[in-house]
Amino acid sequence: MKKKTQKLGAMFCLLVAAGWSLILLASETEVAVTNGGFEDGMGPWEGAKGTVKVVEDQKHSGAKSLLIEKGHAYMAPHKGAIFGVTPGNAYRIEVWIKTEGCPKNSVGMTGVCLGGPGEKDTKWLGGWLSGELPRMVMDAGQSPALIATGGTHDWEKFEAVVPADQINASSKAFMIYLRNDFNKESTGKVWFDDLKVYKIEK
Numbered sequence: 713m714k715k716k717t718q719k720l721g722a723m724f725c726l727l728v729a730a731g732w733s734l735i736l737l738a739s740e741t742e743v744a745v746t747n748g749g750f751e752d753g754m755g756p757w758e759g760a761k762g763t764v765k766v767v768e769d770q771k772h773s774g775a776k777s778l779l780i781e782k783g784h785a786y787m788a789p790h791k792g793a794i795f796g797v798t799p800g801n802a803y804r805i806e807v808w809i810k811t812e813g814c815p816k817n818s819v820g821m822t823g824v825c826l827g828g829p830g831e832k833d834t835k836w837l838g839g840w841l842s843g844e845l846p847r848m849v850m851d852a853g854q855s856p857a858l859i860a861t862g863g864t865h866d867w868e869k870f871e872a873v874v875p876a877d878q879i880n881a882s883s884k885a886f887m888i889y890l891r892n893d894f895n896k897e898s899t900g901k902v903w904f905d906d907l908k909v910y911k912i913e914k
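Here the sequence shown is numbered in the working numbering, starting from 713 and rising by one per residue.
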């Protein structure tokens, strides 16, 4: 019995050591995102449908946030809002979200890979990114979202990790959509703030 306990203890130590090795091997580098805190107004972001605007009465940090009442906002490639990616690396995207009276999983974030950072080279490479934990809440459950939430809650940080194997080898950029339209009957308000992106390197 004693030998068995010792073996289990040794195996546990090896697993812990392996886990720490993986953590030590991976490092994160923040990727520059243009106006991720909406302090410069809409800036390079564009709104589609519904009410999409920058407000000052709600914010997680700074002085402003993005309010969406049905519809979505997206990084406009021709305005330089998208950010570059390097195939072979995973990426972590985080954003702070506040909701009021939204149906379950009706608001959140989606993303796609692009072939280039400029207006003339913004072809989608593949479909919507699913991330490590895909949430099938868009297009009547047929398409994934990176982040999905709803209801009424105060500012809360949400994050999604896009594994390296989901990034097309020809990808040069990501484009992010912030949404209040997963549900066709979407109601309520959602605010977004402090969008940040990190490259995970090993």
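C-beta: ideal position from N, C-alpha, C; glycine also.
| Completely contained beta strand (DSSP E) runs for the region 792–868, where each covers 3 or more residues | Correct list: 802–826, 847–850, 855–857.
| said: Using C-beta distances below 6 Å, list every residue in its chain close to residue 898, excluding the 5 sequence neighbours before and after it, in chain order. | reply: The residue given as residue 898 occupies position 186 in the sequence shown. If we look at residue 898 and ignore the five residues flanking it on each side, its Cβ neighbours are 782, 818, 892.
| So is residue 799 buried or exposed if we call it buried at 16+ other beta carbons inside 10 Å? | Residue numbering aside, residue 799 sits at position 87 when the sequence shown is read from its first letter. By the 10 Å Cβ count, residue 799 comes out exposed.
| query | How is residue 876 classed by DSSP in three states: helix, strand or coil? | reply | Walking along the sequence shown from the start, residue 876 turns up at place 164. DSSP places residue 876 in helix when its eight states are reduced to three.
| Relative to the alpha-carbon of residue 910, which residue among 866, 763, 873, 756 has its alpha-carbon at the smallest distance? | Taking the first residue of the sequence shown as 1, we reach residue 910 at position 198. Closest by alpha carbon: 873.
| task | For residue 755, I'd like the list of residues in its chain whose CB is within less than 6 Å of its CB, leaving aside the five on either flank, ordered along the chain. | result | Start at 1 with the first residue of the sequence shown, and residue 755 comes out as number 43. The residues are 747.
| Do you know offhand how far residue 744's Cα is from residue 795's? | Within the sequence shown, residue 744 is the residue found at index 32, counting from 1. Within the sequence shown, residue 795 is the residue found at index 83, counting from 1. About 7 Å.
| query | How about residue 841 and residue 789: are their beta carbons less than 8 Å apart? | reply | Indexing the sequence shown from 1 puts residue 841 at position 129. Indexing the sequence shown from 1 puts residue 789 at position 77. Contact flag unset, no.
| said: Taking 8 Å as the cut-off, does the region 840–857 touch the region 900–907 (at least 3 CB pairs, one atom from each stretch)? | reply: no
| Distance, Cα to Cα, residue 881 vs residue 785? | Here the question's residue 881 lines up with position 169 in the sequence shown. Here the question's residue 785 lines up with position 73 in the sequence shown. Going by the C-alpha atoms only, they are around 27 Å apart.
| task | Evaluate residue 845 with the Cβ neighbour count: other Cβ atoms within 10 Å of its Cβ, from every protein chain shown; 16 or more gives buried, anything less gives exposed. | result | Counting from 1 along the sequence shown, the entry for residue 845 is found at position 133. Residue 845 is exposed by the Cβ-count criterion.
| What is the rounded straight-line gap between the Cα of residue 875 and the Cα of residue 857? | Start at 1 with the first residue of the sequence shown, and residue 875 comes out as number 163. Start at 1 with the first residue of the sequence shown, and residue 857 comes out as number 145. Approximately 14 Å between the Cα atoms of the pair.
| field | Distance between residue 879 and residue 886 (C-alpha atoms, nearest Å) | value | By 1-based counting over the sequence shown, the position of residue 886 is 174. By 1-based counting over the sequence shown, the position of residue 879 is 167. Distance between residue 886 and residue 879, taken at the CA atoms: about 9 Å.
| query | So who's on the other strand from residue 670, going by DSSP bridges? | reply | Beyond the ends of the chain as shown, which are 713 and 914, falls residue 670; an answer cannot be given.
| query | Taking the alpha carbon of residue 822 as the point to measure from, which residue in 877, 847, 802, 762 has its own alpha carbon closest? | reply | By one-based count along the sequence shown, residue 822 stands at place 110. The residue with the shortest Cα to Cα distance from residue 822 is 847.
| query | Since residue 745 is in the beta strand (DSSP E), which residue starts that stretch and which ends it? | reply | If you number the sequence shown from 1, residue 745 lands on position 33. Neither: residue 745 is in no beta strand (DSSP E) and is coded neither H nor E.
| said: Short of 7 Å in beta carbon distance, which residues of its chain neighbour residue 771, apart from the five on each side in sequence? Order them along the chain. | reply: For the purposes of this step, residue 771 is taken as the residue at position 59 of the sequence shown. 777, 905, listed in sequence order.
| message | Assuming contact is defined by CB atoms lying nearer than 8 Å, are residue 820 and residue 750 in contact in what I supplied? | response | Residue numbering aside, residue 820 sits at position 108 when the sequence shown is read from its first letter. Residue numbering aside, residue 750 sits at position 38 when the sequence shown is read from its first letter. Their beta carbons are not under 8 Å apart, which means residue 820 does not touch residue 750 by this criterion.
| said: At the level of alpha carbons, what is the spacing between residue 726 and residue 914? | reply: Position 14 of the sequence shown, counting from 1, holds the residue named residue 726. Position 202 of the sequence shown, counting from 1, holds the residue named residue 914. Annotation note: pLDDT 44 at residue 726 (below 50); position unreliable, no value reported.
| query | For the ligand MG, is there a heavy atom less than 7 Å away from the beta-carbon of residue 745? | reply | The model on display carries no ligand, and the ligand MG is accordingly not part of it.
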